[in-house]
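See structure below.
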Amino acid sequence: MRVKRLPESLVRKIAAGEVVHNPSFVVKELVENSLDAGATTVAVELEAGGKNLVRVQDDGIGMTREDVLLAIQPHTTSKIEKGEDLFRITTYGFRGEALSSIAQVSRLEIVTRAEEDQLATRVVVVAGEVVEVADAFRSKGTTVTVRDLFFNIPVKRKNLKSTTIEYRMSKEMFERFAMVRSDVNFSLVHDGKLVWNFLKTSDPFERPLILLEDLRRGFITFDEEVSGVRVKGIVSSRDVTRADRTGQYFYVNGRFVLCEELSEVLNKVYELPKRRFPIAVIFLELDPSEVDVNVHPSKLTVKFSNEGRVLGVVEEVLRKNLAKKWYKTLVYEEISERVRMVAEGESKRWFIVKGKYALIEEEDGLMFVDLHALHERVIYEETLSKKAWPTKEVNWKVSKMKEELDLMGKELKELGFSFEMLGETVVFKKVPEFLSQDELVGFLKEMVGGKVSTLKEKLALAACKLARKSGEFDEDLTERLLTEFFRKRYTSCPHGRPISFKMNYQEIDKIFERG
25 MRVKRLPESL VRKIAAGEVV HNPSFVVKEL VENSLDAGAT TVAVELEAGG KNLVRVQDDG
85 IGMTREDVLL AIQPHTTSKI EKGEDLFRIT TYGFRGEALS SIAQVSRLEI VTRAEEDQLA
145 TRVVVVAGEV VEVADAFRSK GTTVTVRDLF FNIPVKRKNL KSTTIEYRMS KEMFERFAMV
205 RSDVNFSLVH DGKLVWNFLK TSDPFERPLI LLEDLRRGFI TFDEEVSGVR VKGIVSSRDV
265 TRADRTGQYF YVNGRFVLCE ELSEVLNKVY ELPKRRFPIA VIFLELDPSE VDVNVHPSKL
325 TVKFSNEGRV LGVVEEVLRK NLAKKWYKTL VYEEISERVR MVAEGESKRW FIVKGKYALI
385 EEEDGLMFVD LHALHERVIY EETLSKKAWP TKEVNWKVSK MKEELDLMGK ELKELGFSFE
445 MLGETVVFKK VPEFLSQDEL VGFLKEMVGG KVSTLKEKLA LAACKLARKS GEFDEDLTER
505 LLTEFFRKRY TSCPHGRPIS FKMNYQEIDK IFERG
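The sequence shown runs contiguously to residue 539 in the working numbering.
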């Protein structure tokens, strides 16, 4: 058999199959392009884990028609101009093979507009062949849609994992970017369902605490620079660990990396039992010339020019901060910030803590509100104004209560009870909606027995039973309660317990020994 040169189209297809591995690779490359384009909002959409669709939309600088037609060609890039640039990589992508390779093995559509252009450009590429170039409409930025990955390479298509596994890998890839780029709005939709919606934030540790729930049980944060290496991170306390390293994320100059050496530093500092691993998100920043990101085609592996110095700095910072043992514990049911309008047009930021407290940021301090106590007071005031509580229809029979009910039957009926006497048996037709059949007799005995003697005391007792249980408060109810709180300025629940207390910033400063 004679040697012969393969057709260029087949060469490109084979090469593309080696570069593009699965949908998560597509997510990685497209999101990197968006971030390199200066996007402040990146939206990722998947179908069937990315096998049927990966779409990434951004508000970056966009491309002209000339640029986009060049971008789908092999080894074209705007990020490298000369050989020396390879030794100071500051962007995510730089080789220029990804978009072209994706185009070879999918049905690709790019809609993009540079700020200087009046119209956007729409380019459709099928299996590497450009089939349409047309004008389109969109704001500045780029939308790349990749459909039917490997539709023209059946063996590769067949070797893709299940939808569940491909989705998990694509989702994890998305989360790696969301974790480090807190300055960018990120959203993820899978099969039409919104999975994540992160708003940009100045707090670099907000997203790790959302994505890694274990961390909330105990963590420390740090941000230090030693010998030209900045080490910033959030790590778990010694008693919050996992059985594997899935909770460890390392970033070098904003790029997620797999680094066995950094993981070993963690194990060395923590000195944990065998097969237990700490949770950690660590960001390293150092001169790009000291980092080689071109070690592996996936760019997931890096090499430091002075590895011993870098690892030594990381170990020093970890040991110093772990020794302090100033572990914080988060009990937020919802971490992300909520800004709500309350009475008199005030806008205040508040959080729900452990489902039972509201933490409110005010101009001069922090306000803590017991939501169960506040709910009791709101119900009490509403019920007092009506002199009745909400009721439900029932058909409950109670014996041996006739004498007691004779004493206060009229008052009970005024409060919404409805019942009739059948000999020594009482049949209740309406009762307060907070009462169960098992609770009814005990409640009546409390009222008749003198433990609650006045109407207000009876209403207070009802309010307590009607109020949502501590630990079960959601955003909608909390928002309504806080609106009432700021309108009426309630200070105590119907039983006299305080509803709120406030710490001004001077008091907080003293706790942290700030002058």
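All residues carry an ideal CB built from backbone N, CA and C; glycine is no exception. Remember, predicted model here, so these are calculated numbers, not experimental data.
Nearest-angstrom Cα separation, counted from residue j out to residue i
i    : j    : result
R146 : S58  : 17 Å
G216 : Q530 : 48 Å
L335 : G242 : 24 Å
V51  : T166 : 14 Å
D497 : Y514 : For the sequence presented, residue 497 should be read as Phe rather than Asp. Their backbone Cα atoms lie some 19 Å apart in a straight line.
A611 : F246 : Here the chain has residues from 25 to 539 only, and residue 611 is not among them.
R79  : L459 : 52 Å
V289 : R254 : 16 Å
H399 : L223 : 30 Å
K380 : R492 : 10 Å
P228 : G278 : 12 Å
E448 : F510 : 50 Å
F201 : L308 : 15 Å
I303 : L468 : 53 Å
K292 : T265 : 14 Å
I384 : K526 : 9 Å
V326 : I306 : 15 Å
T502 : R231 : 23 Å
R131 : V168 : 11 Å
E105 : D60  : The predicted position of E105 is uncertain, since its pLDDT is 45 and thus under 50; a value taken from the coordinates is nonetheless stated next. E105 and D60: Cα-Cα distance of roughly 15 Å.
R262 : I234 : 20 Å
L310 : K344 : 20 Å
I177 : F49  : 17 Å
I376 : P518 : 22 Å
F328 : S226 : 29 Å
T65  : E139 : 16 Å
L436 : V259 : 58 Å
E248 : A63  : 28 Å
E499 : D207 : 25 Å
K534 : P312 : 41 Å
R299 : D82  : 41 Å
C283 : G271 : 13 Å
Beta-carbon proximity check, residue i vs residue j, cutoff 8 Å
i    : j    : result
L505 : V402 : yes
V543 : T415 : Given a span of 25 to 539 for the chain in the structure shown, any question on residue 543 remains unanswerable.
I126 : V157 : no
S524 : M425 : no
F443 : K434 : no
V250 : V337 : yes
D388 : N528 : yes
L123 : I96  : yes
I244 : L94  : no
R181 : S163 : no
Residues bridged to residue i [DSSP beta-bridge criterion]
i    : result
D82  : V66, T166
D247 : K256
K526 : M391
T407 : Per DSSP, none; premise fails for T407.
F198 : For F198, which the question treats as bridged, DSSP gives no partner whatsoever.
P456 : T415
D159 : T145
H214 : L70, K217
K421 : V451
Burial state of residue i (16 or more Cβ within 10 Å)
i    : result
V355 : Low confidence applies here, because V355 scores a pLDDT of 49, under 50, leaving its location unreliable and the question unanswered by this model.
K195 : buried
G257 : buried
E199 : buried
G369 : With a pLDDT of only 38 at G369, under 50, the local geometry of the prediction cannot be trusted, and the value read off the model is given with reservation. Exposed: under 16 other Cβ atoms inside 10 Å.
F274 : buried
L173 : buried
A267 : exposed
K475 : Because the pLDDT of K475 is 47, which lies under 50, any placement of that residue in the model is unreliable, and the question is left without a value.
E69  : buried
I532 : exposed
G466 : exposed
D159 : exposed
Q128 : buried
F280 : buried
S423 : exposed
I134 : buried
E53  : buried
F301 : buried
F441 : buried
G117 : Residue confidence for G117 is low, a pLDDT of 48 falling below 50, so the modelled location carries little weight; the figure read from the coordinates is stated next. G117 is buried by the Cβ-count criterion.
G520 : exposed
Count the C-beta pairs between the region 180-190 and the region 64-74 that are closer than 8 Å, then say yes if the count reaches three, no if not. These segments touch.
So, do the region 205-222 and the region 238-245 have three or more beta carbon pairs nearer to each other than 8 Å? Too few Cβ pairs lie closer than 8 Å, so no.
For the 8 Å Cβ check, are there 3 or more pairs between the region 133-149 and the region 86-101? Touching, yes.
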